[in-house]
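Single-structure report; data block below.
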């Protein structure tokens, strides 16, 4: 780490010389359980990085911060990004724990699937965040859009209903822009139109027989508690299982020949020693 940090410093200085203001540092590992010495290393490293030029945004995604929330919130950087598509439950806590000088980037447009964002649900969170954060609120996809296809408009063989449910990378960027405008200009005509369309699309998908099959729902509704109880003795069931699977009557152990590894299995060389 001590050898690597000066290289980060060189990169930040070169970017600053080119007029760059912000740099994003991806830290998805903060969504995992980390040993204490790793957490200590984070604090030390970022205290050194903060001396370099540029404003820095730490981006976390693919999960919630959970036990690392305090660590992430208090790193000496200028902003924090969290994934609210994967872990919406972390929002209230991070809002209360984030220092008053930091930007909070909220990933409300899911970057890991191909479905359109429910704009009304996203706006519920964003309106609350805007009241608390003001200009310190950024709106973003939940994570990088590299998981999404590029542009839905290139798809010319999808039927209209399915296509209306989808959003690829280009469309997800437009959703981010639309949500931003909805916060800044809630009464704009295009905002109202987009919200109405989003509501209709979500309702269409929620009720479509392509996803919700009446026959399956009817079978589920007909299930009764008694259906989970077996009606035959174990001896009778095990006999039928053995007959069906052609199993021997008693457990057996593999022969010495069958225990031998296949020819391609890894073997230690004669010179290797046990550790």
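Numbering (our numbering), first residue to last: 2 to 276.
We put the CB at the ideal spot given by N, CA and C, even for glycine.
Q.
So, with DSSP's three-state summary, where would you put residue 242?
A. helix
Q.
Excluding the 5 residues flanking residue 100 on each side, which residues of the same chain have their C-beta closer than 8 Å to its C-beta?
A. 74, 75
Q | Reduced DSSP secondary structure (H/G/I, E/B, other) of residue 223 | A | coil
Q | For residue 184, the three-state DSSP class (helix, strand or coil) | A | helix
Q) Taking the alpha-carbon positions, what's the residue 136 to residue 144 distance? A) 21 Å
Q.
Rounded to whole angstroms, what is the Cα-Cα separation between residue 160 and residue 221?
A. 30 Å
Q: Quick one: residues in its chain with C-beta nearer than 7 Å to the C-beta of residue 121, no 5 flanking neighbours on either side, listed in chain order?
A: 196, 199, 200
(Q) Do residue 82 and residue 55 count as a contact pair if the criterion is CB distance below 9 Å? (A) no
Q) Among 50, 36, 194, which residue has its Cα nearest to the Cα of residue 9? A) 50
Q. Quick one, which of 129, 20, 6 has its alpha-carbon nearest residue 139's?
A. 129
**Q.** Extent of the continuous beta strand (DSSP E) run through residue 27
**A.** 23-27
Q: Measure the CB-CB distance between residue 207 and residue 213 and report whether it falls below 9 Å.
A: yes
Q: Could you tell me if residue 38 is buried or exposed, where buried requires 16 or more neighbouring beta carbons within 10 angstroms of its beta carbon?
A: exposed
**Q.** Proximity below 9 Å, CB of residue 42 to CB of residue 61
**A.** no
Q) Which first and last residues belong to the alpha helix (DSSP H) in which residue 166 is found? A) 161-166
Q | Assigned secondary structure, residue 217 (DSSP; H/G/I helix, E/B strand, else coil) | A | helix
Q) Is the Cβ-Cβ distance between residue 126 and residue 109 less than 9 Å? A) yes
Q. Helix or strand or just coil, what does DSSP make of residue 232?
A. coil
Q: Taking only the alpha-carbon atoms, compute the straight-line gap between residue 273 and residue 2 and give it to the nearest angstrom.
A: Because residue 273 sits at a pLDDT of 41, beneath the cut-off of 50, its placement in the model cannot be relied upon, and the point is left open.
Q) What are the start and end residues of the beta strand (DSSP E) that includes residue 110? A) 104-110
**Q.** Start-end ranges of the beta strand (DSSP E) lying completely within the stretch 10-66, minimum 3 residues
**A.** 23-27, 56-60
Q. CA-CA distance, residue 218 and residue 190?
A. 39 Å
Q) For residue 83, which of helix, strand or coil comes out of DSSP? A) strand
Q | Beta-carbon gap between residue 177 and residue 186 smaller than 9 Å | A | no
Q.
Looking at residue 112: is its Cβ nearer than 9 Å to the Cβ of residue 173?
A. yes
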